[in-house]
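The numbering of the sequence shown is the numbering used here, which starts it at 2 and goes up by one. Idealized CB from N, CA, C, for every residue including glycine. Here the structure is laid out as structure tokens; the discussion comes afterwards.
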Amino acid sequence: MRKKDLPDKIRVCGKDYKVRYSNGKLTYKEKNGKRCKGNLFGFHQGNKGVIGIRLKNINEYNEPYSNDEITNTILHESLHGLSHRFDLGLTERQVYCLGVGVQALFKDNPKIYNLLK
Ligand SMILES: [Zn+2]
Numbered sequence: 002m003r004k005k006d007l008p009d010k011i012r013v014c015g016k017d018y019k020v021r022y023s024n025g026k027l028t029y030k031e032k033n034g035k036r037c038k039g040n041l042f043g044f045h046q047g048n049k050g051v052i053g054i055r056l057k058n059i060n061e062y063n064e065p066y067s068n069d070e071i072t073n074t075i076l077h078e079s080l081h082g083l084s085h086r087f088d089l090g091l092t093e094r095q096v097y098c099l100g101v102g103v104q105a106l107f108k109d110n111p112k113i114y115n116l117l118k
């Protein structure tokens, strides 16, 4: 996926997020000031309006993630944004399942996605 095709901001029901992309490890500060880092695919910080997306695997090959993997991470972090926006308190598993499910729904039924255009 070409970086220029990726969104630099995402609007989640009226709340704008800046999107940070990284080819390496993602780090961010949690609400308590603790620095969070590790093998994250992405992160969502509702209080700062930032979403982070990692573009490459972290191993000796550093292979880029596929378009589907990057799209799924963007969807996943956007769903965290929806949960934050509507104070839903979705669990990680719920966000994961919704992300995978919505992506599959649109891929399996492109006419539904086209209705949004
Ligand atoms: Zn998550």
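Where the alpha helix (DSSP H) containing residue i begins and where it ends
| i | result |
| --- | --- |
| Gly102 | Glu93 to Asp109 |
Among the options, the one whose alpha carbon lies nearest that of residue i
| i | options | result |
| --- | --- | --- |
| Arg12 | Met2, Ile113, Gln95 and Glu78 | Glu78 |
| Lys32 | His45, Pro8 and Gly102 | His45 |
| Leu41 | Gly50, Asp6, Met2 and Glu70 | Glu70 |
| Glu61 | Asn24, Gly82, Asn73 and Thr72 | Asn24 |
| Lys10 | Tyr29, Thr28, Ile75 and Asp88 | Ile75 |
| Thr92 | Gly102, Leu80 and Val103 | Leu80 |
| Cys14 | Tyr114, Ala105, Leu83 and Leu117 | Leu83 |
| Gly43 | Asn115, Tyr97, Tyr114 and Lys108 | Tyr97 |
| Lys4 | Asn68, Leu117 and Lys112 | Asn68 |
| His85 | Asn48, Tyr22 and Leu27 | Asn48 |
Opposing strand residues paired with residue i [DSSP bridges]
| i | result |
| --- | --- |
| Phe87 | Per DSSP, none; premise fails for Phe87. |
| Arg36 | Lys30 |
| Tyr114 | Note: Tyr114 sits in no beta bridge, so no partner. |
| Lys10 | Lys19 |
**Request:** Please go through the stretch 38-78 and give each complete beta strand (DSSP E) segment of 3 or more residues, from N-terminal end onward.
**Result:** The stretch 38-78 contains these whole beta strand (DSSP E) runs: 43-46 and 51-55.
**Prompt:** Got a list of residues with beta-carbon closer than 6 Å to any non-hydrogen atom of ligand 3, in chain order?
**Reply:** Inclusion of ligand 3 in the displayed structure is not the case, the ligand content consisting of ligand 1 alone.
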